[in-house]
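K.L.:
Quick one: this structure, given as structure tokens, is what I'll be asking you about.
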Amino acid sequence: MRKHQTNFPDWSALIPVLPAGGPRRDALQGELRRLIETRVLLPGQKLPPSRELAQRLKLARGAVVAAYEQLAADGFVEARLGAGTFVAALVPEHAALKTAPQAPARTGPTPPMPGKLGSGTVDDKTLRDLRGLFRETLMRPPPGFLHYGDPFGDLPLRREIVDYLRATRGIRADAGQVMITSGTQSALSLIGRALLQPKSRIWVEDPCYPQALNLFRSLGLTIIPVPVDRDGLDPAAGVAAAPEAEAVYLTPSHQYPLGTTLSMPRRLALLDWAQGCGAWIIEDDYDSEFRFTGPPLAALHGIDRVGRVIYLGTFSKALAPGLRLGYAVLPTELVETVHKLRDITDRYPNPLIETVLARFMAERHYAAHLRRARKRCRMARDALVEGLSEAQLDVTIPDQGLHLIANARNCESDAELQRLAQAGGLASRRLSELFIKAPTQQGLVIGYSCFEADEIRAAASGAARAIALGRNR
Ligand SMILES: Cc1ncc(COP(=O)(O)O)c(C=O)c1O
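As structure tokens, then:
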């Protein structure tokens, strides 16, 4: 039998990096990880047996075992039954390429240009937690894991979502009403097809979320643009334009893109109207996890006593769009129809990601992630506002969400503003493009979700300088 050798015979060289007291397990794990990242320990190489290393380093064996286990959960080593622990063939992305071992390890995805919308909020800690859960799920798959599942998704995740929505959004629902989807987009598509016919009229906020608008257009629906003011969508204007519409799609907690909140009188008016004519209210609650000041707002669904609201949530903002995970809470009378349609459309959601997310929520990683992400996003928001302060734009500081609006002054075109901001290093979207009818505002929609405060402040200052220069030319 081939005997595995390490090329690191002098393991006692690790002794100086381990603190005399305190968390020696963490120090050992960090040092081994660094040796792997800097390719001192190479893929496939064997680590010493835990007992042997513990003796050499004068550590409790449990500390070495725990360090190995954490390295395995993070994907740096693999335990092979009866053979020992080996450096993983493929260590996590970026880590092996590091040339500066002292630099703090960044294992997250390559960051997009500051200001870019829709960038998610996963940090290194969350990525590590998710990676560990993915590995464990694949190593110990739950029963039925690789078989056909329920069209609405796995029950453990649906139950976690029910608990989460009850605690944070004032929504009371049964897990049977919750459908896991691959994001809001797939929920809108299924619901649109299940409940509406080509030519059905749907009220849509103006300005609006273009992905939803384009989907409704692709289904052949008749779009009824309804203006938005500081109280959100105006139901009176909707009634004036199409009193018998079959549905309304809106973002009541944080209007996309303007950032207003639907006032209580308008919420009640909307529910009354929907009850009166039997319309469906599609509530897109895409970023409520990120409320920075004041008490959390209850969802519109939470005050619906007549079962007209279809509530949509997503993990695209709360975690990352690349997970493709969202959910719909359906009125009981719609469950059967949508269930059947899901079955013949894409059968059922991906059980791997569902299992991981259910554990991520149940083991409180999600709550901890949101606390960290909220803090980071708030700091990024403040840094963005600070950086933009020289730009002579009217910036609305949002108390929720992951984007802000910087309105142009003096009838400036937002196309030119966008070009200048981009040249200064800040990505954005043009506000005027998001109107269905003729735009009544010009400005930039700027995202701040996953950016470090210094990074986005510098980009915003660069944009402010470029805008000032551009104006003076
Ligand atoms: C208004 C709105 N709803 C929903 C989403 C999320 O969509 P999905 O869950 O399909 O990624 C976004 C993302 O930008 C959004 O802006």
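If you're matching positions, the sequence shown starts at 681 in my numbering and goes up one per residue.
The beta-carbon is built from N, C-alpha and C at its ideal position, and this holds for glycine as well.
(1) When the Cα atoms are used, what is the spatial distance from Ala1118 to Val906?
(2) With three or more beta-carbon pairs closer than 8 Å as the criterion, would you say the segment 936-948 touches the segment 1016-1028?
(3) Under 7 Å from any heavy atom of ligand 1, does the C-beta of Gln865 make it?
(4) Helix, strand or coil for Leu733? Go by DSSP, reduced to three states.
(5) Using a Cβ-Cβ cut-off of 7 Å (strictly less than) and excluding sequence neighbours within five positions of Arg704, which residues of its own chain qualify?
(6) Decide if Pro923 is buried, meaning its Cβ has at least 16 other Cβ atoms within 10 Å, or exposed.
(7) If I'm right that Ile990 touches Trp960 with Cβ under 8 Å, what's the distance once you round it to whole angstroms?
(8) Quick one: using the 10 Å Cβ neighbour count with 16 as the cut-off for buried, is Ala670 buried or exposed?
(9) Between Gly872 and Leu893, how many whole angstroms is the CB-CB distance? I'm expecting something under 8 Å.
(10) Would you kindly work out how many angstroms separate the C-alpha atoms of Leu751 and Leu826, rounded to a whole number?
(11) What residue from Gly800, Leu807, Asp804, Leu722 has the CA that sits closest to Ala646's CA?
(12) In its own chain, which residues sit with a C-beta less than 7 Å from the C-beta of Met1059, not counting the 5 before and 5 after it?
(13) Could you have a look at Thr817 and say whether DSSP puts it in helix, strand or coil?
(14) Assign His827 to one of three DSSP states: helix, strand, or coil.
(15) Could you spell out where the alpha helix (DSSP H) holding Gly1104 opens and where it closes?
(16) Give the DSSP bridge partners of Asn1087, in chain order.
(17) Nearer than 7 Å: is that true of the beta carbon of Asp964 relative to any heavy atom of ligand 1?
(18) Alpha carbon to alpha carbon, what distance is there between Gly833 and Ser692?
(19) By alpha-carbon positions, which one of Arg1109, Gln1080, Leu1084 ends up nearest to Ser1093?
(20) Would you report the Cα separation of Ile1126 and Ser933, rounded to the nearest angstrom?
(21) Assuming contact is defined by CB atoms lying nearer than 8 Å, are Thr1128 and Arg1061 in contact in what I supplied?
(22) Does DSSP put Arg1151 in a helix, in a strand, or in coil?
(23) Within 10 angstroms of its Cβ, does Gln935 collect 16 or more other Cβ (buried), or is it exposed?
(24) Mapping the DSSP letters down to three states, classify Leu845 as helix, strand or coil.
(25) Check whether the Cβ of Tyr889 sits closer than 7 Å to any heavy atom of ligand 1, and report yes or no.
(26) In chain order, what are the residue ranges of uninterrupted alpha helix (DSSP H) at least 4 long that sit wholly in the segment 700-762?
(27) Tell me whether Gly987, by its Cβ, gets closer than 7 Å to a heavy atom of ligand 1.
(28) Using a Cβ-based criterion (distance less than 7 Å to any ligand heavy atom), does Gly1006 qualify as near ligand 1?
(29) For the candidate residues Ile860, Pro821, Pro831, whose alpha-carbon lies nearest to that of Arg839?
(30) For the candidate residues Arg736, Pro831, Pro1078, Lys805, whose alpha-carbon lies nearest to that of Ala1008?
(31) Return the bridge partner residues of Phe995 from the DSSP annotation.
(32) With C-beta atoms as the reference, is Pro976 less than 8 Å away from Thr848?
(33) Ligand 1 and Gly850: does the residue's C-beta get closer than 7 Å to at least one heavy atom of that ligand?
(34) What is the C-beta distance between Leu727 and Gly755, in whole angstroms, given that I count them as a contact (C-beta under 8 Å)?
(35) Go to Asp952, then tell me how far its alpha helix (DSSP H) extends in each direction, as first and last residue.
(36) Using only the heavy atoms of ligand 1, determine whether one of them is closer than 7 Å to the beta carbon of Thr994.
P.N.:
Based on what the coordinates show:
(1) Within the sequence shown, the letter at position 438 stands for residue 1118. Within the sequence shown, the letter at position 226 stands for residue 906. So the alpha carbons of these two residues sit roughly 13 Å apart.
(2) no
(3) As a position in the sequence shown, residue 865 is number 185, starting the count at 1. Yes, the Cβ of Gln865 comes within 7 Å of a heavy atom of ligand 1.
(4) Here the question's residue 733 lines up with position 53 in the sequence shown. Helix.
(5) As a first step, residue 704 is located in the sequence shown; it is residue number 24 there, counting from the start. Within the same chain, Arg704 has close Cβ partners Leu698, Leu739, Ala743.
(6) Taking the first residue of the sequence shown as position 1, residue 923 is located at position 243. Flag for Pro923 reads exposed.
(7) In the sequence shown, residue 990 corresponds to position 310, counting from 1. In the sequence shown, residue 960 corresponds to position 280, counting from 1. At roughly 6 Å, the Cβ-Cβ gap stays under 8 Å, so Ile990 and Trp960 are in contact.
(8) Lying outside 681 to 1153, the shown extent of the chain, residue 670 is not represented and no answer is given.
(9) As a first step, residue 872 must be located in the sequence shown, where it is residue number 192. As a first step, residue 893 must be located in the sequence shown, where it is residue number 213. Not confirmed; about 12 Å, so no contact.
(10) For the purposes of this step, residue 751 is taken as the residue at position 71 of the sequence shown. For the purposes of this step, residue 826 is taken as the residue at position 146 of the sequence shown. Leu751 and Leu826: Cα-Cα distance of roughly 27 Å.
(11) Given that the chain is displayed from residue 681 to residue 1153, the structure contains no residue 646 and the question cannot be resolved.
(12) Here residue 1059 refers to the residue found at position 379 when the sequence shown is read from its first residue. If we look at Met1059 and ignore the five residues flanking it on each side, its Cβ neighbours are Ala1133.
(13) Here residue 817 is taken as the residue at index 137 of the sequence shown, counted from 1. Here Thr817 sits in helix by DSSP.
(14) Position 147 of the sequence shown holds residue 827. Coil, per DSSP.
(15) Taking the first residue of the sequence shown as position 1, residue 1104 is located at position 424. Gly1104 -> no alpha helix (DSSP H), and no H or E assigned at all.
(16) By one-based count along the sequence shown, residue 1087 stands at place 407. DSSP output for Asn1087 lists Asp1074, Gly1123 as bridge partner(s).
(17) Start at 1 with the first residue of the sequence shown, and residue 964 comes out as number 284. For ligand 1, at least one heavy atom lies less than 7 Å from the Cβ of Asp964.
(18) The residue you call residue 692 lines up with position 12 of the sequence shown. The residue you call residue 833 lines up with position 153 of the sequence shown. Those two C-alpha atoms are separated by around 51 Å.
(19) Start at 1 with the first residue of the sequence shown, and residue 1093 comes out as number 413. Answer by Cα proximity: Arg1109.
(20) By one-based count along the sequence shown, residue 1126 stands at place 446. By one-based count along the sequence shown, residue 933 stands at place 253. Answer to the nearest angstrom: the Cα atoms are 19 Å apart.
(21) Position 448 of the sequence shown, counting from 1, holds the residue named residue 1128. Position 381 of the sequence shown, counting from 1, holds the residue named residue 1061. Note on identity: in this sequence residue 1128 is Tyr, with Thr being the wrong assignment. In this structure, Arg1061 lies closer than 8 Å to Tyr1128 by Cβ.
(22) Within the sequence shown, the letter at position 471 stands for residue 1151. Reduced to three states, the DSSP call for Arg1151 is helix.
(23) The sequence position of residue 935 within the sequence shown is 255, counting from 1. Buried, by the Cβ-count rule.
(24) Along the sequence shown, read from residue 1 onward, the residue named residue 845 stands at position 165. Three-state DSSP puts Leu845 in a helix.
(25) Residue numbering aside, residue 889 sits at position 209 when the sequence shown is read from its first letter. Tyr889 Cβ: within cutoff of ligand 1.
(26) 704-717, 730-737, 741-753
(27) The residue given as residue 987 occupies position 307 in the sequence shown. Flag unset: Cβ of Gly987 not near ligand 1.
(28) By one-based count along the sequence shown, residue 1006 stands at place 326. Yes.
(29) Counted from its first residue, the sequence shown places residue 839 at position 159. Out of Ile860, Pro821, Pro831, Ile860 has the C-alpha closest to the C-alpha of Arg839.
(30) To locate residue 1008, count along the sequence shown from 1; it is residue 328. With distances taken between Cα atoms, Ala1008 lies closest to Pro831.
(31) Along the sequence shown, one-based indexing puts residue 995 at 315. Phe995 pairs with nothing; no bridge assigned.
(32) Position 296 of the sequence shown, counting from 1, holds the residue named residue 976. Position 168 of the sequence shown, counting from 1, holds the residue named residue 848. Yes, Cβ-Cβ distance for Pro976 and Thr848 is below 8 Å.
(33) Mapped onto the sequence shown, residue 850 falls at position 170. Gly850 Cβ: outside cutoff for every heavy atom of ligand 1.
(34) To locate residue 727, count along the sequence shown from 1; it is residue 47. To locate residue 755, count along the sequence shown from 1; it is residue 75. About 15 Å; that fails the 8 Å criterion.
(35) Looking up residue 952 in the sequence shown gives position 272. First-last of the alpha helix (DSSP H) with Asp952: 944-957.
(36) For the purposes of this step, residue 994 is taken as residue 314 along the sequence shown, with counting starting at 1. Indeed, a heavy atom of ligand 1 lies less than 7 Å from the Cβ.
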